[in-house]
Amino acid sequence: MSVAVIVFPGSNCDRDVAVAIEAATNVSPTMIWHQETSLPKCEFIVIPGGFSYGDYLRSGAIAALSPVMHSVVDQAKKGTPVLGICNGFQILTETGLLPGTLMRNANLKFICRDITLKVEQNTNLFTSEYKSGEVLTIPIAHHDGNYFADPETIKLLESSERVAFRYCNSNGQTTKNSNPNGSINNIAGILNPEGNVLGMMPHPERLAEKLLGGSDGKPFFSAIAKAINL
Amino acid sequence: MTVQSSNTRDLMGLSLKEYELILQLLGRDPNDTELGIFSVMWSEHCSYKSSKKWLKKLPVEGPHVIQGPGENAGVVDIGDGLAVVFKIESHNHPSFIEPFQGAATGVGGILRDVFTMGARPIANLNALRFGSIENEKTRHLLGGVVAGIGGYGNCVGVPTVGGEINFDPSYDGNILVNAMTVGIAKKDKIFYSAAAGIDLPVVYVGSKTGRDGIHGATMASAEFADDSSEKRPTVQVGDPFTEKLLLEACLELMETDAIIAIQDMGAAGLTSSSVEMASKGGVGIQLDMNLVPRRETGMTTYEIMLSESQERMLMVLKPDHEETARKVFKKWDLDFSVIGSTNNTGYLTLLENGKTTAHIPIDPLVSAAPEYDRDWTITSSEKIGNKISPPSSITKALLTLIESPDLCSRHWVWEQYDHMVMGDTIIRPGSDAALVRVHGTKKGIAMTTDCTPRYVKSDPIEGGKQAVAEAWRNITSVGAKPLAVTNNLNFGNPEKPLIMGQLVGSIKGMSEACKVLNCPVVSGNVSLYNETNNEAILPTPVIGCVGLMEDIEKSITLDFKATEESIFVIGKTYGWLGCSVYQKLFSSISDVRPPPVDLIKEKKNGEFVRFLIDNHLLTSCHDISDGGIGVALAEMSIASGIGAIINTTEDIPIHNWLFGEDQGRYIITSKDPNSIISSSKQHDIDLEQIGKTVETTLTLPGSVSIPVTEIKAAHTRWLPEYMGTV
């Protein structure tokens, strides 16, 4: 079993997520350079955060056309779990694996801080180690995290339980004040229809160790360990 | 084209005397290109001609110092084969002209200074000063600088973990943007800039050269008048994406054995990098302008040599290693061009279309640079201003202090900086010092920037001491051992004896503090001529201090941890209100002496605090600085939501006790008060037990109970409101 982490020029959370994966799985992920045209055999693919191609043109737009992404899309369609965090989420929407787009934050500023996040349901492979409705403390760090999609798409996402996470207050209520970036309905992470592709703006790898200030992100990586052992 | 009119010489910032020296050195008239090269190399920014004499007096050595000043950054041993590499540098002038790009390229430049030496940057810090809050421009400059620092550091993926911001009308025409980078390298894999050896390939890598930033170093060596906005073309434009690629490519190449010398192209671009490398290696260097990657056509030698385009490096490679290096840079999509070679002529020779366009002896270009012994007088306030009438209400006084522009929360700033990327930030911004883990180890590097310019203005020597002492104290507060400092000396026009006296005095104070506290200066930067229309900034000698935490699990933070814990003040409280924030906000007294710094006590108290932390006796610790005990307690409450009941037995007025800024003090909390008291007796330490932690309200002597939520609201209110982003 192996985990692939895709590295683009400008990725900068590739090491961070690799550390979290290794801590949870005891497997050192394979780092895949963007110019590779095929992926080695792997059971799990991660697209890390950062500024792929400097976020030029539009966050994630150029990375989505990178040679390696053709294989990632193929693998995703065959059912391999694919996780996109932050810039990874932006790239997944640009490839069309996930609907909608991430616009500039409503306050037009980069925001880096801990936020509280509600696990909508634990029936998918990514959140199986959490309880449904559990409130997590996880950091965000982005300039373009304001999730937007047309009303039909939002309706479809919500009715088919494809919203994985929402920004909430410490009591788990999804209020306007607890929405850091203006995302529609406080959406922080979504799944594809098959449930094997997840995109999310928050960074679970940044709070997966007590010394860093919290470990609410850790079960996320334990779930990956479980998923690839299946 | 020949110039040599006094007009052109003036434009290039050279004095008549300096020009005559050039004629003498060359034995002929220089052409424009040569004159331009002399001009930048001899600019204040590159040659330190006004400060050199005094910088030599700073203590720069220590058993753990691997590299002191004179290289791209300082290097200090942290054990286990590792070294910490760090430096602070100013980007004041460009940031005033164009705040976003000025600040962004300041971060880019200091990052390159650190990774040029083979270190992976692990954190950025900064020290910022802005004009009066009533000044219309302040909002625009603050917003632009913060966005620029964030925009660059966030993209490169290095966390920005600390800094400081103050406001004062003296910075209205000259803001300060000082950026610091800390990196980690293997001790036996440090890279230097000396290009030793002849017939070696000189390689240009990174971005292409454009016409931006020409004469930036000269611009940064002069006062501003009202026309500063016309200098916008001298400001460089940053591309953090290319910087990230350059960082990764350089570190990848450094894993091989290909590099003899490497130097980033910072101020004065290709000129200073090539001249410094050749000079340090004792060789000559020939460069062919036609081989320099350019983004514009028709660029002359003059423009290419003086451009300050960003994200560029110059390397001297071992023969036969070109292909190894070329492959690495191709992988990262960066330009790679052999643009010349080293030789034994001792000359800088530049070719354009096969013709020699400049031919300058390198040694005098570097070593004959003028050095001035400028007149100086140190003026210090004599009056002691500790008798200030008490406030009508202690509660109101505390709230006024805590919500004031100088003391309010900076979360609006640091939330725009990615301070967690790289996954090793153990103590985040808003603490006394940030703590960043050395990746894959138990070690941590504590870091901070500090300066109290109003103290330096009133007494340059005490103020210089205090800047070092406060930085040292901040590192100590988290439990780390201070190792060394980097300094950024920001002053006005050194040709004025009073300003020169501020520089000389603060260097004297710093030197003394660095010696006593065993914290040598290993790198630094000088920024002079921070004046507009003859008005100088407050003297601002910023200290960046770095410390080592052997075991990060032992580090502590300033937030109260639980109720029913005992609270103590370490260090004697005399109630020194002169030059304090309280004095600034609540009295019309001015021109009084700042709190004196007793370096022996400072050291003793600090070592005691580290002893307590090391023995797990403390639950929290906070240094006492601006705003005194009252503000320090409020900050410990705000960070935790836990309150305290406070009393004192000191026989001084309550407001002196609460808001005085006596030096060398800490507030600590402990579950084991008896051990603290007995240890303090053993170590002969001044200790005052001042109360205990309780739930949700802070009760100061002479005050009603204030809900912590109310203090927090006051603390966090001002800055977002001021910036219009509530």
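For the protein sequence lines, the chains are S and Y, in the order given. Going by this note's numbering, the final residue of the first sequence carries number 231, and the count climbs one at a time with no gaps. Going by this note's numbering, the final residue of the second sequence carries number 937, and the count climbs one at a time with no gaps. Ideal Cβ positions, reconstructed from N, Cα and C, are used throughout, including at glycine. Bear in mind that the values here come from a model prediction, so they are computed numbers and not experimental data.
Note to self: Check whether the segment 487-502 of chain Y and the segment 452-459 of chain Y touch, using three or more Cβ-Cβ pairs below 8 angstroms as the test.
What the structure shows: No: the two stretches stay apart, fewer than three of their Cβ pairs being nearer than 8 angstroms.
Checklist line | Ser418 of chain Y versus Gln447 of chain Y: straight-line alpha-carbon distance, rounded | finding: Taking the second sequence and counting its residues from 1, one reaches residue 418 of chain Y at position 207. Taking the second sequence and counting its residues from 1, one reaches residue 447 of chain Y at position 236. As the crow flies, the alpha-carbon of Ser418 of chain Y is around 13 angstroms from that of Gln447 of chain Y.
Notebook entry, point to check: Glu906 of chain Y by DSSP, collapsed to three states: which one?
Noted result: Here the question's residue 906 of chain Y lines up with position 695 in the second sequence. Glu906 of chain Y carries a strand assignment under DSSP once its states are collapsed to helix, strand and coil.
Margin query: So if DSSP puts Leu609 of chain Y in a beta bridge, which residue, or which two residues, is it bridged to?
Written below: In the second sequence, residue 609 of chain Y corresponds to position 398, counting from 1. Beta-bridge annotation (DSSP): Leu609 of chain Y is not paired with any residue.
Check: Where does Ser179 of chain S fall in DSSP's three states?
Finding: Locating residue 179 of chain S in the first sequence gives position 178, where the first residue counts as 1. For Ser179 of chain S, the secondary structure class from DSSP, reduced to helix, strand or coil, is coil.
Next item on the list: Could you spell out where the beta strand (DSSP E) holding Asn701 of chain Y opens and where it closes?
Entry: Sequence index remark: in the second sequence, residue 701 of chain Y carries index 490 (1-based). From DSSP, the beta strand (DSSP E) with Asn701 of chain Y extends over 692-701.
Note to self: Below 8 angstroms on the Cβ atoms is my contact criterion, and I expect Leu769 of chain Y with Ala850 of chain Y to pass it. Report the Cβ-Cβ distance as a whole number of Å.
What the structure shows: Working through the second sequence from its first residue, we reach residue 769 of chain Y at position 558. Working through the second sequence from its first residue, we reach residue 850 of chain Y at position 639. So it is a contact: roughly 6 angstroms between Cβ atoms.
Note to self: Just to confirm, is the Cβ distance from Ile1011 of chain Y to Ile878 of chain Y under 8 angstroms?
What the structure shows: Absent from the model: residue 1011 of chain Y. The displayed extent of chain Y is 212 to 937, so no value can be given.
Notebook entry, point to check: How would you label Ile599 of chain Y, buried or exposed, when you count the other beta carbons within 10 angstroms and need 16 or more for buried?
Noted result: One-based indexing of the second sequence puts residue 599 of chain Y at position 388. A buried status is given to Ile599 of chain Y, since no fewer than 16 other beta-carbon atoms sit within 10 Å of its beta-carbon.
Notebook entry, point to check: Thr636 of chain Y versus chain S: which residues are under 8 angstroms apart at the beta carbon?
Noted result: Position 425 of the second sequence, counting from 1, holds the residue named residue 636 of chain Y. In chain order: Leu213.
Item checked: Against chain S: residues of the segment 293-304 of chain Y by CB proximity under 9 angstroms -> Only those residues of the segment 293-304 of chain Y whose C-beta falls short of 9 angstroms from the nearest C-beta of chain S would be listed, and there are none.
Next item on the list: Inspect the beta-carbon positions of Phe326 of chain Y and Cys461 of chain Y and report whether they are closer than 8 angstroms.
Entry: In the second sequence, residue 326 of chain Y corresponds to position 115, counting from 1. In the second sequence, residue 461 of chain Y corresponds to position 250, counting from 1. Yes; because the gap between Cβ atoms is below 8 angstroms, this pair is in contact.
Check: Taking 8 angstroms as the CB-CB limit, is Cys113 of chain S close to chain Y?
Finding: Working through the first sequence from its first residue, we reach residue 113 of chain S at position 112. Closer than 8 angstroms to some Cβ of chain Y, the Cβ of Cys113 of chain S qualifies, so yes.
Check: To the nearest angstrom, how far is it from the Cα of Lys268 of chain Y to the Cα of Val905 of chain Y?
Finding: Position 57 of the second sequence, counted from the first residue, corresponds to residue 268 of chain Y. Position 694 of the second sequence, counted from the first residue, corresponds to residue 905 of chain Y. Roughly 50 angstroms separates the two Cα atoms.
Check: Based on Cα-Cα distance, which residue from Y:Ile401, Y:Gly421, Y:Val539 lies nearest to Glu459 of chain Y?
Finding: Sequence index remark: in the second sequence, residue 459 of chain Y carries index 248 (1-based). Out of Y:Ile401, Y:Gly421, Y:Val539, Y:Val539 has the C-alpha closest to the C-alpha of Glu459 of chain Y.
Check: Tell me the DSSP bridge mates of Pro143 of chain S?
Finding: By 1-based counting over the first sequence, the position of residue 143 of chain S is 142. The displayed chain sequence assigns His, not Pro, to residue 143 of chain S. Paired residues: S:Ile112.
Note to self: I'd like the ranges of any beta strand (DSSP E) spanning at least 3 consecutive residues and lying wholly in the segment 249-313 of chain Y.
What the structure shows: Correct list: 276-278, 285-290, 293-301.
Margin query: Between Y:Ser343, Y:Lys400, Y:Ser485, Y:Asp240, which has its C-alpha nearest Ile386 of chain Y's C-alpha?
Written below: As a working mapping, residue 386 of chain Y is identified with position 175 in the second sequence. For Ile386 of chain Y, the nearest C-alpha among the options comes from Y:Ser343.
Next item on the list: Count the other C-beta atoms from every protein chain shown that fall within 10 angstroms of the C-beta of Leu126 of chain S, then say buried if there are 16 or more, exposed otherwise.
Entry: Along the first sequence, read from residue 1 onward, the residue named residue 126 of chain S stands at position 125. By the 10 Å Cβ count, Leu126 of chain S comes out buried.
Next item on the list: Please go through the segment 665-749 of chain Y and give each complete beta strand (DSSP E) segment of 3 or more residues, from N-terminal end onward.
Entry: DSSP assignment within the segment 665-749 of chain Y yields the following whole beta strand (DSSP E) runs of 3 residues or more, N-terminal first: 692-701, 732-738.
Notebook entry, point to check: Quick one: is Ile718 of chain Y buried, meaning 16 or more other Cβ sit within 10 Å of its Cβ, or exposed?
Noted result: On the second sequence, position 507 is the one that residue 718 of chain Y refers to. So Ile718 of chain Y counts as buried.
Next item on the list: May I ask you to report which of helix, strand or coil DSSP gives Tyr877 of chain Y?
Entry: Within the second sequence, residue 877 of chain Y is the residue found at index 666, counting from 1. Tyr877 of chain Y: strand per DSSP, three-state reduction.
Next item on the list: Tell me where the beta strand (DSSP E) around Leu561 of chain Y begins and ends.
Entry: For the purposes of this step, residue 561 of chain Y is identified with residue 350 of the second sequence, where counting begins at 1. In the DSSP assignment, Leu561 of chain Y falls within the unbroken beta strand (DSSP E) covering 558-563.
Note to self: At 3 residues or longer, what runs of the beta strand (DSSP E) sit wholly inside the segment 511-560 of chain Y?
What the structure shows: As far as the segment 511-560 of chain Y is concerned, its whole beta strand (DSSP E) runs of at least 3 residues are 523-528, 546-554.
Next item on the list: Grab me the residues of Asn13 of chain S's own chain with a C-beta within less than 6 angstroms of its C-beta, minus the 5 sequence neighbours each way, in chain order.
Entry: Numbered from its first residue, the first sequence carries residue 13 of chain S at position 12. Taken in chain order, the residues that qualify are Gly51.
Check: By Cβ distance below 8 angstroms, which residues in the same chain neighbour Cys169 of chain S in space, the five residues on each side in sequence not counted?
Finding: In the first sequence, counting from the first residue as 1, residue 169 of chain S sits at position 168. Cβ within range, chain order: Thr117, Leu118, Lys119, Val136, Thr175, Thr176, Ser179, Asn187.
Note to self: Please classify Leu231 of chain S as buried or exposed, where buried requires at least 16 other C-beta atoms within 10 Å of its C-beta.
What the structure shows: Position 230 of the first sequence, counting from 1, holds the residue named residue 231 of chain S. For Leu231 of chain S, the predicted model reports a pLDDT of 49, less than 50, meaning its position is unreliable; a value from the coordinates is still stated below. Leu231 of chain S sits exposed, since fewer than 16 C-beta atoms from the chains shown fall within 10 Å of its C-beta.
Notebook entry, point to check: What residue range is occupied by the uninterrupted beta strand (DSSP E) comprising His833 of chain Y?
Noted result: Residue 833 of chain Y sits at position 622 when you count from the first residue of the second sequence. Residues 831-834.
Item checked: Neighbour list for Pro451 of chain Y in chain S, Cβ cutoff strictly below 8 angstroms -> Position 240 of the second sequence, counted from the first residue, corresponds to residue 451 of chain Y. Neighbours of Pro451 of chain Y on chain S, chain order: Phe52, Gly55.
Checklist line | Classification of Tyr57 of chain S by the beta-carbon crowding that lies within 10 angstroms, buried from 16 upward | finding: Taking the first residue of the first sequence as 1, we reach residue 57 of chain S at position 56. Sixteen is the threshold: since fewer than 16 other Cβ atoms of the shown chains lie within 10 Å of the Cβ of Tyr57 of chain S, the residue is exposed.
Notebook entry, point to check: Ile763 of chain Y versus chain S: which residues are under 7 angstroms apart at the beta carbon?
Noted result: Residue mapping note: residue 763 of chain Y aligns to position 552 of the second sequence, counting from 1. Here the neighbours are Leu212.
Margin query: Restricting to Cα atoms, I'd like to know which of Y:Thr880, Y:Gly421, Y:Ala407, Y:Leu561 is closest to Glu775 of chain Y.
Written below: Stepping through the second sequence from its first residue, residue 775 of chain Y is reached at position 564. Closest by alpha carbon: Y:Thr880.
Next item on the list: Please check if any C-beta of chain Y sits within less than 8 angstroms of the C-beta of Pro269 of chain S.
Entry: The requested residue 269 of chain S is not part of the displayed model; chain S covers only 2 to 231.
Next item on the list: Measure from the alpha carbon of Val287 of chain Y to the alpha carbon of each residue in Y:Gln874, Y:Leu609, Y:Met328, Y:Asp546, then state which is nearest.
Entry: Start at 1 with the first residue of the second sequence, and residue 287 of chain Y comes out as number 76. Residue Y:Met328 is the option with its Cα nearest to Val287 of chain Y.
Margin query: Taking the alpha-carbon of Thr784 of chain Y as reference, which of Y:Val527, Y:Lys812, Y:Thr659, Y:Ala678 has the nearest alpha-carbon?
Written below: Numbered from 1 along the second sequence, position 573 holds the residue referred to as residue 784 of chain Y. Of the listed residues, the one whose Cα sits closest to Thr784 of chain Y is Y:Lys812.
Margin query: Whole angstroms are fine: how far does the CA of Met526 of chain Y sit from the CA of Leu353 of chain Y?
Written below: Taking the second sequence and counting its residues from 1, the one referred to as residue 353 of chain Y is at position 142. Taking the second sequence and counting its residues from 1, the one referred to as residue 526 of chain Y is at position 315. The alpha-carbon separation between Leu353 of chain Y and Met526 of chain Y amounts to approximately 36 angstroms.
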